[in-house]
Each structure stands twice: as structure tokens, then as C-alpha cells.
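J.:
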Amino acid sequence: MADYYETLGVSRDASDDDIKKAYRKLSRKYHPDIAGPEFEDKFKEVNSAYEVLSDPDKRRMFNQGIDPNAPGGGAGTGYGAADFGDIFNMFSQGFGAGFGSPNPIPRTQPGRDSLASLSVELKTAVFGSKEKLDVRMYAVCDDCNGSGSADGSAPQTCPDCHGTGAVQRVVRSILGQMMSTDTCPRCEGHGTILPHPCPTCNGHGRVQKQRSITVSVPAGIQDGTRLRLSGQGEVGEGGGPAGDLYVDITVRPDDTFTRDGNDLHCWIRIPMTWAVLGHKTQIDTFDGEQDVTIPAGSQPDDTVSLENLGVTRLNREERGKLIVHLEVSIPQKLSNQEKKLISDFEELSKESKLDGKPQQASKPLNKAKGFFEKLRHAFS
Ligand SMILES: [Zn+2]
Ligand SMILES: [Zn+2]
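In this note's numbering, each number is its position in the sequence shown, counted from 1, plus 118.
1. Examine the Cβ distances between the segment 301-313 and the segment 275-288 and report whether three or more of them are shorter than 8 Å.
2. Between which two residues does the alpha helix (DSSP H) containing L363 stretch?
3. Assign D204 to one of two classes, buried (16 or more other C-beta atoms within 10 Å of its C-beta) or exposed (fewer than that).
4. If we call anything under 9 Å between Cβ atoms a contact, is W392 one with S423?
5. I need the boundaries of the alpha helix (DSSP H) containing I339, first residue and last residue.
6. For C319, I'd like the list of residues in its chain whose CB is within less than 6 Å of its CB, leaving aside the five on either flank, ordered along the chain.
7. Once the 5 residues before and after L427 are set aside, which same chain residues still bring their CB inside 6 Å of it?
8. Can you tell me whether DSSP reads E355 as helix, strand or coil?
9. Could you pull the start and end residues of the alpha helix (DSSP H) that I137 belongs to?
10. Please state whether the Cβ-Cβ distance between D231 and Y141 is less than 9 Å.
11. Could you give the residue range of the beta strand (DSSP E) that holds V410?
12. Looking at C-beta atoms only, is the number of pairs between the segment 244-257 and the segment 330-341 that lie closer than 8 Å three or more?
13. Between which residues of its own chain and Y122 is the CB-CB distance below 7 Å, once the five residues before and five after are set aside?
14. Can you check DSSP and say which residues form a bridge with D131?
15. Using alpha carbons as the reference points, say which of C262, D378, P186 lies closest to H314.
16. Tell me the rounded alpha-carbon separation between T226 and P174.
17. With hydrogens ignored, establish whether the beta-carbon of G321 is closer than 8 Å to any heavy atom of ligand 1.
18. Provide the residue(s) that pair with E445 in DSSP beta bridges, ordered along the chain.
19. Kindly examine ligand 1 and report whether one of its heavy atoms sits closer than 8 Å to the Cβ of C305.
20. Beta-carbon separation of G270 and G323 under 9 Å?
21. Suppose you measure from the CA of L483 to the CA of T368; what does that come to, to the nearest Å?
22. Would you report the Cα separation of G309 and G361, rounded to the nearest angstrom?
23. Give me the residue from G307, L144, A120 with the minimum Cα distance to I223.
24. On a CA-only basis, which of T343, P359, N165 is nearest A257? Give me that one, please.
25. In terms of residue numbering, what span does the alpha helix (DSSP H) encompassing V429 cover?
26. Once you ignore the five residues that flank C279 on each side, which residues in its own chain have a CB closer than 6 Å to its CB?
27. Who pairs with S232 in a beta bridge, going by DSSP?
28. Give the straight-line distance between the Cα atoms of N221 and R177, rounded to the nearest whole angstrom.
29. Within the continuous alpha helix (DSSP H) that includes E169, where are the two ends?
30. Assuming S447 contacts I388 under a Cβ cut-off of 8 Å, what Cβ separation, rounded to an integer in Å, is found between them?
31. Using the three-state DSSP reduction, which class does D381 fall into: helix, strand or coil?
32. Report the rounded CA-to-CA distance for L347 versus I412, giving the unit in angstroms.
33. Is it the case that the CB of I137 approaches a heavy atom of ligand 1 more closely than 8 Å?
34. From the DSSP output, in three-state form, read off K481 for me.
35. Short of 7 Å in beta carbon distance, which residues of its chain neighbour D136, apart from the five on each side in sequence? Order them along the chain.
36. Only counting the same chain, and skipping five residues up and downstream in sequence, which positions put a Cβ closer than 8 Å to that of G183?
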């Protein structure tokens, strides 16, 4: 018997919340659309573990050493007693625990939700865009329009179970002879059989297909956002209504800009003379080349803010700032003439005539605060 706790990597006394978290993490990790088809079995294991541990009744059974997903019980279809294995059926019927005969499983089932991931550029987060996403999932079988029938003939009542989807058999146990209810093998619990199943989908009404989906990524989207595309998920058995498609968005780091909320940050290296005398220059932005005015007397780590060149606020028209950080480059190799000019400057400069020792303190003295300190200040 599989250890579902081990599958989800949680302890036996894990809370419902822990189980949900572990499941969410693993289902993302092993989803065949993300991890590849070779992880399909692993993905199924994770799902069946969650199915048991997220249901208080099934979890109790499992803790008592009974696997609610054991074969012979119509594993994990979620249809009442058809879910439970022989032993549980025996006990529940023997003790009258209130589980009746299973109902036939409808041929048409709602489709499950699907999960995909999409990585976008920072520029997409700034302006938003429509992105193409290729997914492979169950879609309606075109050959039978989802009916599962090759010639359009209606399903017929199963002659073995007479439409109940279940068959009874006598089981011997330590408690004596008992009746056990099993899923009807002929119709797999549907209560009906298809006289001429569609050869394309083997009567399932759906097939795996590659689809190209357009995802509207809104401006201002954050890294790690999960978008929901209603009705774009997997089509169900028998051509049942499609589930939803969830798309996890990753915003890729950019070489030129760092995002902080709705602001963008970039760093430019400028010559000492620009900082001292002031300078007008241009930088590249997501909105093309823009003018930047460096004020005279700029200090290392000073910033120049360009309004409205940051990230668009989600669901709003406004945009954040582009904050340009100044890195002042101090010349290292000077010609004789340059050296003389700097020496002359030192002679003239009042600031250079320090009284022997420089000013000293336990904190940075520069009037410009460091980048991170500024950020902390801005968000406090
Ligand atoms: Zn049957
Ligand atoms: Zn078909």
C-alpha cells in the first residue's frame, strides 16, 4: 500500500493546510505540462495521495490501514461507495455504516482544471501583452463530437449489471459470509455500454491535443501570479464541459532594469565631472531613449527619478517611476596635466583644506542614503 504521507512529504499529523500546501507545490512540480510526460505517473500518485489525505473520511480509513484508492473500487472517481475497496465495502455493509449501492457513473464528466506556466519579459509586465501558450491536453474528439459512439448510436443498458453499474458477490471473511458490491467490470460502473465505440477516442469522447492559446497578460502583473482562464482546461470524459486553465506567470529578470513594486531601477556610471558640474544625457528605457539631467553636485548613490516610466499599476492607468542610480567614477590614471589641474583645484577648494583629519561617524556621512535604506524608508 502506498504511503500517501510519504508521497506528499508530510508527517502523519500534518494539518489540512500543510497537506494543501504540499500538494500545491508537488502538483506544480510534477504536472506533465511542466515536468514532461515522463512525470505523469508521479503526478497521478500525488493526486491520489491528496485525494485521500484531503478528505477526512478517507484519511481516517487510510490511518486505519485501509487504502481508499485500492483497485477494485473504481479508484478515485469520487462516486460514493464505488471509491472504496472490498474491505471497506464489507465492513460498511456488514455494520450498516450507511453506504448504499454505488450509483452508475455518468458517461459525461466535467473536465479537470489544468495548469501551465508561462515566462514573460519584464517589458510585458510593464505594458501587458497577449502571449501565445502551447498546451497539450484533452479536447473534444472531433470524430464523434464527444459522444464516444462511432455511429451516433445511443448507449445501451449494460446486460451484466442492468444499469446499476455494480455487481454483487459473496465474500468469505473472519466475520462470515458477506455480500460485497463491486464496480461492474463490463461497463466500468457506467451502467451503460457503447455498442460501437468511436475508434479515435475508444469511446471516451475526448483525445489529447496540442493547442495554442492566447493569454492576456495584464500590465503590472507580478512574478508568480496565477491567471485563471475559465473553460480553457481539460475536456471531461464523454466530451464533458472543460475545466479551467491556470497559468503561472514568471517574470524573467532583465539585464538593464530591476523591478521594485511599480518602480524600475537602473544604475548608470558617470564621470566625476558630470557629478561635479552637472550634465544632460540620455538613457535607454522601455519607452525608448529618454533625457536624464544629472544635477551639479550629485553625490555617489544619488538618484534621479523619471516619473511615469515605471511599471503600469495593475488595473490602472498610472505608472511607477524609473529611478536612475548614479555611480560616480573617480579617475584612476591621470596625465601630468590632469594631475596639475586637480592639484590646483585642491589649492582653491575650501573643502579640501581639512584640518588634518576627516569627519568621522558611526553612520554613513553622505547626505544621500544608500539604495536599500531609501527603499526601507519609502516602504515604512
Ligand atoms: Zn455493467
Ligand atoms: Zn471519438
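Think of the CB as a built atom: it goes at the ideal place given N, C-alpha and C, for glycine as much as any other residue.
T.: On the basis of the supplied data:
1. These segments touch.
2. Numbered from its first residue, the sequence shown carries residue 363 at position 245. It is not in any alpha helix (DSSP H) - L363 instead sits in the beta strand (DSSP E) that spans 363-369.
3. As a first step, residue 204 is located in the sequence shown; it is residue number 86 there, counting from the start. Note that D204 scores 40 on pLDDT, short of 50, meaning its location in the model is unreliable and no value can be drawn from it.
4. On the sequence shown, residue 392 is found 274 positions in, with the first residue counted as 1. On the sequence shown, residue 423 is found 305 positions in, with the first residue counted as 1. Inclusion of W392 and S423 in the CB contact set at 9 Å is not warranted, their separation being larger than that value.
5. Position 221 of the sequence shown, counted from the first residue, corresponds to residue 339. Here I339 belongs to no alpha helix (DSSP H), and DSSP marks it neither H nor E.
6. Residue 319 sits at position 201 when you count from the first residue of the sequence shown. The answer, listed in chain order, is C259, V325.
7. Working through the sequence shown from its first residue, we reach residue 427 at position 309. Counting only Cβ-Cβ distances below 6 Å, and skipping sequence neighbours, we find T403, D405, L440.
8. As a first step, residue 355 must be located in the sequence shown, where it is residue number 237. Correct three-state label for E355: helix.
9. Position 19 of the sequence shown, counted from the first residue, corresponds to residue 137. Element bounds for I137: 134-148.
10. Here residue 231 is taken as the residue at index 113 of the sequence shown, counted from 1. Here residue 141 is taken as the residue at index 23 of the sequence shown, counted from 1. At a Cβ-Cβ threshold of 9 Å, D231 and Y141 do not count as neighbours.
11. Working through the sequence shown from its first residue, we reach residue 410 at position 292. Counting along the chain, the unbroken beta strand (DSSP E) around V410 starts and ends at 406-412.
12. With contact defined as three or more Cβ pairs closer than 8 Å, the segment 244-257 and the segment 330-341 are in contact.
13. The count along the sequence shown starts at 1 and reaches residue 122 at position 4. A167, V170, L171, F180, listed in sequence order.
14. Start at 1 with the first residue of the sequence shown, and residue 131 comes out as number 13. DSSP, once it has assigned bridges, lists no residue as partnering D131.
15. As a first step, residue 314 must be located in the sequence shown, where it is residue number 196. Per the C-alpha coordinates, the member of C262, D378, P186 positioned closest to H314 is C262.
16. Taking the sequence shown and counting its residues from 1, one reaches residue 226 at position 108. Taking the sequence shown and counting its residues from 1, one reaches residue 174 at position 56. For T226 and P174, the distance between alpha carbons rounds to 27 Å.
17. Here residue 321 refers to the residue found at position 203 when the sequence shown is read from its first residue. Checking the Cβ of G321 against ligand 1 gives no.
18. Taking the first residue of the sequence shown as 1, we reach residue 445 at position 327. Note: E445 sits in a beta bridge opposite R387.
19. The sequence position of residue 305 within the sequence shown is 187, counting from 1. Correct: C305 has its Cβ closer than 8 Å to ligand 1.
20. Within the sequence shown, residue 270 is the residue found at index 152, counting from 1. Within the sequence shown, residue 323 is the residue found at index 205, counting from 1. In terms of Cβ geometry, G270 and G323 do not form a close pair [threshold 9 Å].
21. One-based indexing of the sequence shown puts residue 483 at position 365. One-based indexing of the sequence shown puts residue 368 at position 250. Rounded to the nearest angstrom, the two C-alpha atoms are 40 Å apart.
22. To locate residue 309, count along the sequence shown from 1; it is residue 191. To locate residue 361, count along the sequence shown from 1; it is residue 243. Spanning the two alpha carbons is a distance of roughly 25 Å.
23. Numbered from its first residue, the sequence shown carries residue 223 at position 105. Nearest option by C-alpha distance: G307.
24. The residue you call residue 257 lines up with position 139 of the sequence shown. Ranking T343, P359, N165 by CA distance to the CA of A257 puts P359 first.
25. Here residue 429 refers to the residue found at position 311 when the sequence shown is read from its first residue. Taken as a continuous stretch (DSSP letters only), V429 belongs to no alpha helix (DSSP H), as it is neither H nor E.
26. Start at 1 with the first residue of the sequence shown, and residue 279 comes out as number 161. Here the set comprises V285, C302.
27. Here residue 232 is taken as the residue at index 114 of the sequence shown, counted from 1. L363, per the DSSP bridge assignment.
28. Along the sequence shown, read from residue 1 onward, the residue named residue 221 stands at position 103. Along the sequence shown, read from residue 1 onward, the residue named residue 177 stands at position 59. Approximately 23 Å, taken between the alpha carbons.
29. Taking the first residue of the sequence shown as position 1, residue 169 is located at position 51. Where E169 is concerned, the enclosing alpha helix (DSSP H) stretches over 158-171.
30. Walking along the sequence shown from the start, residue 447 turns up at place 329. Walking along the sequence shown from the start, residue 388 turns up at place 270. Confirmed, about 7 Å.
31. The residue you call residue 381 lines up with position 263 of the sequence shown. Three-state DSSP puts D381 in a strand.
32. Reading the sequence shown from its first residue, position 229 is the one you call residue 347. Reading the sequence shown from its first residue, position 294 is the one you call residue 412. L347 and I412: Cα-Cα distance of roughly 46 Å.
33. Numbered from 1 along the sequence shown, position 19 holds the residue referred to as residue 137. No.
34. Position 363 of the sequence shown, counting from 1, holds the residue named residue 481. Coil.
35. In the sequence shown, counting from the first residue as 1, residue 136 sits at position 18. Taking D136 as the centre and dropping the five residues before and after it, the same chain places the C-beta of V128 closer than 7 Å to its C-beta, in chain order.
36. Along the sequence shown, read from residue 1 onward, the residue named residue 183 stands at position 65. Setting aside the 5 residues that flank it on each side, G183 is surrounded in the same chain by M119, each with a C-beta closer than 8 Å to its C-beta; the list follows chain order.
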